[in-house]
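Remarks on the structure that follows.
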Amino acid sequence: MIGVFDSGFGGLTILKAFRKDLPDYDYLYLGDNARTPYGNKSPEVIYAYTRQAVEFLFDRGCALIILACNTASTEALRKIQQEYLPVHHPDRRVLGVVIPLAEAGVEATRTGRIGVIGTRATIESKVYEQELLKLAEGIEVRGQACPLLVPLVEEGWIGRPETNMILKKYLHRLKRKKIDTLILGCTHYPFLYKDINRIMGKNCRILNGPEIVSDKLRDYLARHPEIETRVTRHGTVSFSTTDDPERFRVYGEKFLHRKIPEVQRVIFDSGDQG
Ligand code: DGL
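For the sequence shown, the numbering used here gives the first residue as 23, with consecutive numbering after it.
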């Protein structure tokens, strides 16, 4: 199985792309809905929560986990890869979404001016800036935290005048800096793609996470047969959440645009900050 982890519903956008592009594999989705949002939490807490999620997905038999959540990829991935995996699961892999998006950003830009929008934790960590500069020296990166967008998307306020007004305010600075590429560095922002695209105008390319991450996963599996052969292939998808399964089912169907038959409830020990 391939585990797909997000702090809540947003990672369903990534799962949707995986199911479309790589339908043969089995997927297990985990949303930490009881503790979402991660975007305003400290790095220590985000790491502790993400590690619990990774342990759960490994216990269920995932050979590979994708952290669909930008905030978890930003604050937890490196430590999981460098400290946790070598000791506990040297034969399994955890991948994130930041490097695929940064690579796509460098490929897309013509002027070298790239913007990134994300949660406060993602933007304050400057992880996109670091990864982009590793890939191409001299790139100019402008980050903008957009903490109001996740709740607006979760409330379904897409396309509303209030949401567009807030979007314009957030994007104004990036527009003034004449970026030619914008990375949507948060699971929820693809839902606002059309409005962001319109506000940024035709001189700016908007990079949509799910398609990019799915392409990179295909490449990764082709290049890593030692992992690929351990991922089961029956075309199934299962769902789990740390909050109310019925609520997950109802909201999840909206995010995924398909029926979710069953959702498993997972309970984590909230004291482990470890
Ligand atoms: N999934 C998070 C991300 O992509 C957004 C929601 C949250 O703050 O937990 O950054």
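Every residue, glycine too, gets a C-beta built ideally from N, C-alpha and C.
Distance cut-off 7 Å: residue i Cβ against heavy atoms of ligand 1
i, result
"residue 93", "yes"
"residue 28", "yes"
"residue 2", "Residue 2 lies beyond the range of the chain shown here (23 to 296); nothing can be said about it."
"residue 59", "yes"
"residue 258", "no"
"residue 140", "yes"
"residue 32", "yes"
"residue 288", "no"
"residue 35", "no"
Other residues of its chain near residue i: CB distance less than 7 Å, five sequence neighbours each side excluded
i, result
"residue 123", "205, 207, 229, 231, 234"
"residue 274", "31, 34, 261, 282"
"residue 135", "162, 199, 200, 201, 202"
Beta-bridge partners of residue i, as assigned by DSSP
i, result
"residue 261", "51, 285"
"residue 28", "53"
"residue 204", "137, 228"
6 Å Cβ shell around residue i - same chain, five flanking residues per side excluded
i, result
"residue 145", "165, 167"
"residue 51", "26, 37, 261"
"residue 175", "210, 213"
Inter-residue CB distance, residue i and residue j (contact presumed, cutoff 8 Å)
i, j, result
"residue 288", "residue 80", "Contact doesn't hold; Cβ gap of about 13 Å is too wide."
"residue 104", "residue 116", "That pair is no contact at about 11 Å."
Residue nearest to residue i in terms of C-alpha spacing, selected from the options
i, options, result
"residue 71", "134, 95, 110", "95"
"residue 250", "143, 114, 270", "114"
"residue 106", "27, 88, 76, 118", "76"
"residue 83", "257, 279, 265, 252", "252"
"residue 141", "92, 120, 286", "92"
"residue 43", "131, 28, 237", "237"
Own chain partners of residue i with C-beta closer than 8 Å, once the 5 adjacent residues on each side are dropped
i, result
"residue 147", "65, 96, 97"
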